[in-house]
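Participant: The structure is given below, and queries will be raised subsequently.
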Amino acid sequence: MAEVAYSVVKDLAGLLKDEVDLLSGVREEVEVMERELKRIQVFLNDADNAPHSVRRDERTKHWVEEIRDVAFEAQDVIEDFCFLKKQRPATHKHGCFKRCAYRLCTLRTRREIGMKIREINKKIKEIADSTPKFDIKNIKDEGSTSQVREPHGPYLLVLPDEKDIIGLDEHVKEIMGQLTDGDRKRCMISVFGMPGLGKTTLARKVYSRVKASMHFDCFAWIPVSNEYNRMKLLKEMVKEIMEKNSAKELLESNFSDSRMASELSEYLKKKKYFIVLDDVWKVEFWERMQNIFPDVNNGSSMLITTRFKDVADFVIPNSPPIEMKFPSAEECLELLVKKAGLEDVSSCPAQLLAPAKQIVERCGRLPLALVVSGGILTTRSQIATEWWKVADKITSELSTKERNYMEVFAFSYDDLPIHLKNCFLYFGLFPEDYIINATLLCNLWMAEGFIEATKDATMEEVAQQYLINLIRRSMVQMDKEDYIGGVNACHVHDLMREFAILKAKEIRFLSTEPSANARRLAIRATAEENETVILDQPVSRNLRTLLAFSPDSLQFKHLCDGSPKLKVVLCLDKDIKSHDFGKNHLLRFICMGKSHLQNIQQLSNLQTLLVASIRDEDIRQLRNLRHLLVFEECDISPNALSEAKDLQTLHICCAGDWIRSLPSLTNLKELLISSCTESHKELLAGSLIKLKLLVVLRLTGSLM
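Spelled out as structure tokens, the structure:
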């Protein structure tokens with residue numbers, strides 16, 4: 001609950017610090033707003049620590065909704081101030097008449113904003129005056145007195161299938177035995193079981209063993225999920241299965257999905273393949289896709305995982321599927337203590353075993369729930385009283401008749417510090433089974449205002465630490481390490497994502513459909529159809545974040561043009577060739593790597609830009625850029641980058657004379673330059689030696 005007011009109080013503090021002249025006449029009212037919201041935030045902190053029965057009370061829920069609404073109103077007013085600042089004309093560019101007209105308009109706007117602030121303060125005071133009615137401080141339970149801290153133990157990140165495997169050894173042996181029995185017929189294996197039992201973990205273990213020890217011409221891991229789109233999935237298969245040149249040729253064609261499926265099938269007829277289809281939801285999926293995978297009696301194999309027995313039976317009608325069972329209590333206890341930061345059960349202090357067994361029982365022996373509970377324990381001291389508080393909280397507040405893993409997730413979310421809650425909810429914006437680039441995610445958090453630099457760390461370093469904390473709490477899974485042992489890519493389990501979406505919608509953190517009050521919107525293709533028609537939907541003028549997965553260009557333009565307060569735009573669709581962001585002055589983050597953008601020189605707040613190409617005049621104006629990635633060759637002059645003093649990441653697909661400006665980029669940590677030739681060797685040598693903070697360097701081309 002407390003996160004409702006947290007970001008608004010931060011915004012107000014920044015406004016009071018930086019906008020002295022703009023706040024003339026209303027500063028006192030803004031200060032009153034800040035004080036009242038701080039008071040409410042303290043009360044919300046107490047409410048967060050109250051038992052679930054209190055937080056679920058209808059009066060309390062209604063009270064929190066009122067706070068949320070007024071906090072959003074306050075946030076809108078703050079950004080109206082920021083927008084007003086953007087409209088301020090430079091004195092040397094405009095005549096006296098225009099400056100006078102601007103001042104009159106500013107005075108009128110400031111007066112209107114002042115009236116809004118006074119009205120908001122009145123609402124806040126009414127809400128604050130009602131807090132004694134709830135008396136939450138007097139009913140706070142003893143368990144809430146625990147001092148939650150960041151996860152203890154060594155700084156170590158482990159990929160999920162190295163540590164979370166319990167009760168799977170027999171299944172791995174069974175599957176590997178079927179794959180190596182020497183039969184030339186295509187081997188089809190299906191695995192089913194309820195969510196959270198480890199189907200994907202089992203499949204990944206088998207997949208890695210097969211790649212390491214068995215001969216196949218091609219391998220592919222294909223996540224399917226409930227939200228699959230046939231054409232998009234076919235393209236993923238082409239990229240995974242076919243050789244690079246063949247895949248590129250097919251992907252650049254304008255073939256229909258049926259023609260693409262036919263071409264892929266013809267390719268597979270000549271190959272011995274091993275393919276995993278992970279998380280198949282519907283019988284209809286296999287009916288439509290099975291002809292892609294031919295059986296040409298060459299020893300090819302497929303492994304399919306699903307939640308549903310009817311799907312497993314339909315895919316392989318003449319062979320019994322493998323059913324995932326719940327692991328034993330002993331295996332579960334082993335998993336829990338490992339995820340809590342201990343070596344194994346034998347090294348676990350005796351006094352911790354009783355509460356650990358209680359947690360295992362309460363989690364219903366569901367591995368995913370145990371992993372998350374172990375993450376909670378990493379934030380507690382390894383003493384019996386602290387572990388019993390966790391066990392008692394789970395036992396006393398969850399139903400004893402069903403394995404309600406969503407409640408375990410809710411407990412883990414409530415256990416998060418305020419600064420991590422919004423970061424976690426952000427995972428609900430991404431599609432199911434989406435592998436997220438960690439740097440991209442951290443830059444998104446920065447653009448949203450979730451991250452603040454400290455005396456000892458940059459925003460990027462703080463954001464990476466936040467991500468590491470979520471991973472060590474087992475709420476997020478790491479997929480790949482980066483060059484220096486940090487996180488390169490990550491994702492959340494589909495059940496954890498479902499919880500993030502439910503929670504985020506509850507507090508109006510995100511929307512998945514356009515609406516008049518949406519503040520963060522994720523749009524993506526559904527299973528068998530294009531996006532919901534957006535052009536007839538109301539667009540929120542308070543939309544801050546747009547994450548678009550496969551929108552069409554008209555929908556995308558409609559949303560951007562109608563949302564003047566956008567801070568974040570991420571669009572992963574090559575069909576949007578260009579876009580004009582001239583109306584979106586507050587943008588901090590743009591990811592449109594396949595597009596050519598117009599009027600971006602006006603975006604002085606921009607921190608992260610991923611774009612197809614960029615012009616000299618644009619780069620010169622973007623002085624707050626921290627991350628610039630350009631994916632097509634472009635002509636950049638020697639001094640274009642000299643003012644980008646905060647730049648930390650630079651990827652440019654064209655070496656040139658601009659390399660001589662590199663020494664002025666004193667904060668640069670990651671540099672990628674393509675198309676390097678021997679003529680650039682001396683220029684690179686002289687410039688690179690001066691980049692003292694550089695950690696990652698990639699040069700491609702022919703330097704010899």
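Following UniProt numbering, the numbering of the sequence shown begins with 1 at its first residue and continues without gaps. For every residue, glycine included, the Cβ atom is placed at its ideal position computed from N, Cα and C.
1) Out of K271, A447 and S474, state which residue places its alpha-carbon closest to the alpha-carbon of V408.
2) Taking the CB atoms as reference points, tell me whether R497 and E448 lie closer together than 9 Å.
3) With DSSP collapsed to three states, give me the class of I394.
4) Could you tell me which uninterrupted alpha helix (DSSP H) segments, each at least 4 residues in length, are contained entirely in the region 598 to 640, listed from first to last along the chain?
5) Is the distance from the Cβ of P663 to the Cβ of L622 below 9 Å?
6) Going by alpha carbons, who is nearest to R620 out of Q601, N318 and R204?
7) Which runs of the beta strand (DSSP E) at least 3 residues long sit entirely within the region 383 to 468? Give them in chain order.
8) Between which two residues does the beta strand (DSSP E) harbouring K480 extend?
9) If I follow the unbroken beta strand (DSSP E) through T649, where does it start and stop?
10) Taking only the alpha-carbon atoms, compute the straight-line gap between R186 and M302 and give it to the nearest angstrom.
11) Can you find the residues in the same chain that come closer than 6 Å, C-beta to C-beta, to W387, ignoring five residues on each side of it along the sequence?
12) Note down, one range per segment and in chain order, each alpha helix (DSSP H) of at least 4 residues found wholly within the region 289 to 326.
13) Compare the C-alpha of E670 against each of D646, T200 and R508 and name the closest.
14) List, from N- to C-terminal side, the alpha helix (DSSP H) runs of 4 residues or more that fit wholly inside the region 332 to 362.
15) Hey, would you say L547 sits closer than 9 Å to R588, going by beta carbons?
16) Ordered along the chain, which non-local residues of its own chain (more than five positions away) have a Cβ less than 7 Å from that of R39?
17) Within 10 Å of its beta-carbon, does P320 have 16 or more other beta-carbons around it, so buried, or fewer, so exposed?
18) Name the one or two DSSP bridge partners that A518 has.
19) For the 8 Å Cβ check, are there 3 or more pairs between the region 679 to 697 and the region 652 to 666?
20) Output the boundary residues of the alpha helix (DSSP H) element that contains M260.
21) If you measure between the beta carbons of I636 and L609, is that distance less than 9 Å?
22) Which stretch, first to last residue, makes up the beta strand (DSSP E) that contains N254?
23) DSSP beta-bridge partners for C187?
24) Measure the alpha-carbon distance for F72 versus H627 and round it to whole angstroms.
25) Below 8 Å on the Cβ atoms is my guess for L264 versus V238; work out the distance and round it to an integer in Å.
26) Which residues share a DSSP beta bridge with V487?
27) Helix or strand or just coil, what does DSSP make of F549?
28) Do the region 324 to 334 and the region 306 to 313 make contact, defined as three or more Cβ pairs closer than 8 Å?
29) Grab the span of the alpha helix (DSSP H) containing V371 for me, first residue to last.
30) Per the DSSP calculation, T666 is bridged to which residue(s)?
31) Within a Cβ cutoff of 8 Å, which residues of the same chain sit near S578, ignoring the five residues on either side of it in sequence?
32) Throw me the rounded Cβ distance for the N678 and S702 pair, which I believe falls under 8 Å.
33) If we count Cβ pairs, one from each stretch, closer than 8 Å, do we get three or more for the region 265 to 273 versus the region 199 to 213?
34) Measure the beta-carbon distance from R365 to P327 and round it to whole angstroms, keeping in mind my assumption that it falls under 8 Å.
35) Do the CB positions of N584 and S604 come within less than 9 Å of each other?
36) Quick one: residues in its chain with C-beta nearer than 7 Å to the C-beta of D616, no 5 flanking neighbours on either side, listed in chain order?
Facilitator: On the basis of the data shown:
1) When the alpha-carbon of V408 is set against those of K271, A447 and S474, the nearest one is in S474.
2) No, Cβ-Cβ distance for R497 and E448 is not below 9 Å.
3) DSSP, reduced to helix, strand and coil, places I394 within a helical segment of the structure shown.
4) Listed in chain order, they are 616 to 621.
5) Going by C-beta atoms, P663 is not nearer than 9 Å to L622.
6) Taking R620 as reference, the option from Q601, N318 and R204 with the minimal CA-CA separation is Q601.
7) Runs found: none.
8) Unbroken beta strand (DSSP E) run through K480: Q477 to E481.
9) From DSSP, the beta strand (DSSP E) with T649 extends over T649 to I652.
10) Between R186 and M302, the alpha-carbon positions lie close to 8 Å from each other.
11) Residues of the same chain with a CB within less than 6 Å of the CB of W387, apart from the 5 flanking positions on each side, are L352 and P355 in chain order.
12) Complete alpha helix (DSSP H) runs here, min 4: 309 to 315.
13) It is D646 whose Cα lies nearest to the Cα of E670.
14) The qualifying runs are 350 to 362.
15) L547 places its beta carbon 9 Å or farther from that of R588.
16) Closer than 7 Å at Cβ, skipping near neighbours: A128.
17) Exposed, since its Cβ has fewer than 16 Cβ neighbours within 10 Å.
18) A518 is not bridged by DSSP to any residue.
19) Yes, the region 679 to 697 touches the region 652 to 666.
20) If you look at M260, you'll find it in the alpha helix (DSSP H) that goes D257 to L268.
21) Not a contact, by the Cβ cut-off of 9 Å.
22) According to the DSSP assignment, N254 belongs to no beta strand (DSSP E), since it is labelled neither H nor E.
23) Beta-bridge pairing links C187 to S301.
24) Those two C-alpha atoms are separated by around 29 Å.
25) Indeed they touch by this definition, with Cβ atoms about 6 Å apart.
26) DSSP output for V487 lists E481 as bridge partner(s).
27) In the three-state DSSP reduction, F549 falls in the strand class (E or B).
28) Contact between the region 324 to 334 and the region 306 to 313 is absent: fewer than 3 CB-CB pairs across the two stretches fall below 8 Å.
29) Per DSSP, the unbroken alpha helix (DSSP H) holding V371 starts and ends at P367 to L377.
30) In DSSP, T666 forms no bridge with anything.
31) S595, H596, L597 and Q598.
32) Looking at the sequence provided, one finds Glu at residue 678 rather than Asn. About 7 Å; that satisfies the 8 Å criterion.
33) No, the region 265 to 273 does not touch the region 199 to 213.
34) The pair is a contact, with the Cβ atoms about 6 Å apart (cut-off 8 Å).
35) No; because the gap between Cβ atoms is not below 9 Å, this pair is not in contact.
36) Answer for D616: I636, S637 and A640, listed in chain order.
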